[in-house]
Amino acid sequence: MKRTWDDELAKLAQKEAAAIGGGAPRRGDAPERMSARQRIEYLVDPGSLVELNMLAEHQCRDFGMDQKKFPGDGVVTGYATIGGRKVYLYAEDVTVLGGSMGKVHGTKIHTLLKRAREHGVPVIGLHDSGGARIQEGMDNVYGTTGIFAEYALNSGIVPQIVAIMGTCAGGPAYSAALADFILQVEGTGQLFVTGPALVEEVLGEKVSHEELGGTLMHTTRSGVTHRTAPNDRACLELIRGLLDFLPQNNRCTPEAKATGDPEDREVAELLEIVPIDEDKNYDMKRVIGAIVDAGAFFELQEAFAKHLVIGFARLGGRAVGIVANNPAESSGYLDADAAVKAARFVRTCDAFNIPIVTLVDAPGFMPGIAQEAGGLLRHGAKLLHAWIEATVPKISCVLRKMYGGVIPAMGVHEIGFDQVLAWPSAEMQMVRAEPAVKILCRRELASAKDPQALLEQRIEEYRDTYLTPYHSASLAVVDAVIHPKDTRRRIISALRLLEGKQPPERLWRKHSNIPL
Ligand code: HXC
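All letters in the sequence shown, in the order written, are residues 31 to 546 by my numbering.
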């Protein structure tokens, strides 16, 4: 038959329409749940999506699959712009075979991931999938495992953000876990390795999707999820907000934005927020809000290890990572979860050239069997390791307590910090006054006429001599004791100074070995 333009263009339009149509309509979905394409359209600049591999189809012939062809194979992949910035992105289409990840579906994603790395462009993945496609059996290895490999190879080169917008089970759950940031939609986004049916079969336990992998579980217990959103739209807006703090790739810095907040603004209210009485607690997030540009703080993992706060903000218009103890939660004690949370964040900031500021007020690492047995050492070591490897500008400011293990964990010069500032209220010492005096003066106290009075006297002397920031300043452990109202401008001044900081030469090695 003679070919005509009309026929050929009609055929293309028909195939594209079939791809856009996806599979069967979703059953019982809440109206605010969007389709894969609606999600992308809402996320990116209008009309900017260029789809790739739109017409790819699975090649499976088993289980009647040769009768079920869906152009695109259940995932929309392509590139677009967000606020004018290029991104690669994919969105799984749950209407096609449950969004399951067959060989072609998986290959579309890992090809895109590889291109993102080669082109230095961030990746955004919108997940809504039942996992490896059961009908395709071992053919799934190519797709799913290829995605794992590309995510791992991309790590530290381009930012990778995933959103869990529906079920994300099995293989896709691991690919999400290999990304830099995981966002999750409340009520509909569920993330687990094995679904409730398998849990019941293996363990005889009945659990709901939500109990097993909902937002409550992943924000408070596993710590896997960085942010949650009440619905699809809010989640997509969060992605845009997060992307704002990140560069295109590891060879550039995040774009500076004018915030209108003067760099030399005094923050007198810090004296109201932070009580001088060390036994009184306060919310460190109020301190962060007072210091950063326009009070805007993009917190991550808020409900996990709440005693340590992490997130992004701007200082003088430039993106910074904040790591801060929060005395309002468990007196700010560090523990294994806090160490892991901070370590990952430090590595993320370092990979993407984002300077880090710590705000310190922690009495120590949480003592006791639960923490020691829970791997405090191996998790705490991850944090030390992360600080020492990080070459981005690092500035610490000690507000009140910085005792023992907190000293390396929150920032001194020897761990690689460029500037260490302290408030006049700072107490920096290996051991707190009472236990120190009881050990040092044991014999003297034992033979004293009034041991209690002597103990109090010696504690007072120890405090006055060794617990002041002036002691640390005299040893050059801190670079400056500053008035709290100057905190913002001193940190910004240090950041400006460090803008040209070069990573030091290091001995050749394949890579460091992360603490176990
Ligand atoms: C093929 C799948 C599928 C899958 C769901 N579907 N998961 N098809 N492969 N993995 C299909 C269903 O058959 C159904 O098709 C439609 O999607 C909707 O599924 P339902 O079960 O009806 O929906 P729901 O009740 O919402 O439950 C969703 C679900 C459940 C929790 C995801 O389907 C489920 O548990 N699926 C299996 C999850 C799992 O164990 N995956 C791990 C795979 S192994 P119809 O035609 O009826 O509408 C893996 C390891 C990777 O991923 C490692 C590789 C190297």
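Cβ coordinates follow ideal geometry from the N, Cα and C atoms, glycine included.
Would residue i and residue j be called neighbours here (beta carbons separated by less than 8 Å)?
| i | j | result |
| --- | --- | --- |
| residue 350 | residue 385 | yes |
| residue 181 | residue 205 | yes |
| residue 423 | residue 531 | yes |
| residue 375 | residue 330 | yes |
| residue 69 | residue 110 | no |
| residue 370 | residue 409 | yes |
| residue 507 | residue 442 | yes |
| residue 511 | residue 524 | no |
| residue 522 | residue 302 | no |
| residue 517 | residue 266 | no |
| residue 460 | residue 392 | no |
| residue 242 | residue 254 | no |
| residue 82 | residue 127 | no |
| residue 79 | residue 108 | yes |
| residue 285 | residue 430 | no |
| residue 365 | residue 407 | no |
| residue 418 | residue 399 | no |
| residue 129 | residue 102 | no |
| residue 161 | residue 132 | no |
| residue 361 | residue 311 | yes |
| residue 492 | residue 467 | yes |
| residue 259 | residue 213 | yes |
| residue 327 | residue 318 | yes |
| residue 249 | residue 334 | yes |
Name the DSSP bridge partner or partners of residue i?
| i | result |
| --- | --- |
| residue 177 | BP columns for residue 177 are empty, so no partner. |
| residue 318 | In DSSP, residue 318 forms no bridge with anything. |
| residue 415 | Answer is none; residue 415 lacks a bridge partner. |
| residue 192 | 155, 212 |
| residue 449 | 425 |
| residue 431 | 457 |
| residue 81 | 108 |
| residue 341 | 329, 352 |
| residue 221 | 198 |
| residue 131 | 162 |
Let me know if residue i comes out buried or exposed under the rule of 16 or more other beta-carbons within 10 Å of its beta-carbon.
| i | result |
| --- | --- |
| residue 324 | exposed |
| residue 149 | exposed |
| residue 93 | exposed |
| residue 355 | buried |
| residue 97 | exposed |
| residue 290 | exposed |
| residue 138 | buried |
| residue 146 | buried |
| residue 34 | exposed |
| residue 193 | buried |
| residue 479 | exposed |
| residue 251 | exposed |
| residue 542 | exposed |
| residue 477 | exposed |
| residue 232 | exposed |
For residue i, collect the residues of the same chain with a Cβ closer than 6 Å to its Cβ; drop the 5 residues on either side in sequence, then sort them by chain order.
| i | result |
| --- | --- |
| residue 380 | 420, 422 |
| residue 456 | 428, 499 |
| residue 496 | 459 |
| residue 486 | none |
| residue 124 | 158, 196 |
| residue 515 | 296, 297, 298 |
| residue 225 | 199 |
| residue 547 | Here the chain has residues from 31 to 546 only, and residue 547 is not among them. |
Given residue i, which residues of its chain have a CB within under 7 Å of its CB, disregarding the five upstream and five downstream residues?
| i | result |
| --- | --- |
| residue 112 | 73, 74, 75, 270, 273 |
| residue 189 | 152, 210, 276, 382 |
| residue 509 | 449, 450, 451 |
| residue 412 | 369, 370, 373, 544, 545 |
| residue 261 | 62, 215 |
| residue 320 | 297, 299, 300, 303 |
| residue 464 | 489 |
| residue 287 | 344, 347 |
| residue 176 | 136, 137, 140 |
| residue 183 | 147 |
| residue 203 | 221, 222, 223 |
Tell me which residues share the same chain as residue i and place their Cβ nearer than 8 Å to its Cβ, disregarding the 5 neighbours each side in the sequence.
| i | result |
| --- | --- |
| residue 235 | 229 |
| residue 185 | 208, 210, 381 |
| residue 280 | 186, 187, 188, 381, 382, 383 |
| residue 484 | 471, 474, 475, 478 |
So is residue i in contact with chain D if we call contact Cβ pairs under 8 Å?
| i | result |
| --- | --- |
| residue 473 | Judged by its chain identifiers, the structure shown contains no chain D, having just a single protein chain. |
message: Going residue by residue through the stretch 356-408, where are the continuous alpha helix (DSSP H) segments of at least 4 residues, counting only ones entirely within it?
response: 366-381, 399-403
query: Which whole runs of the beta strand (DSSP E) in the stretch 246-287 are 3 residues long or more, in chain order?
result: 257-259
task: May I have a chain-ordered list of the beta strand (DSSP E) segments no shorter than 3 residues that lie completely inside the stretch 84-121?
output: 105-112
query: In the stretch 481-523, which residue ranges form an unbroken alpha helix (DSSP H) of at least 4 residues, counting only runs that do not cross its ends?
result: 481-496, 499-504
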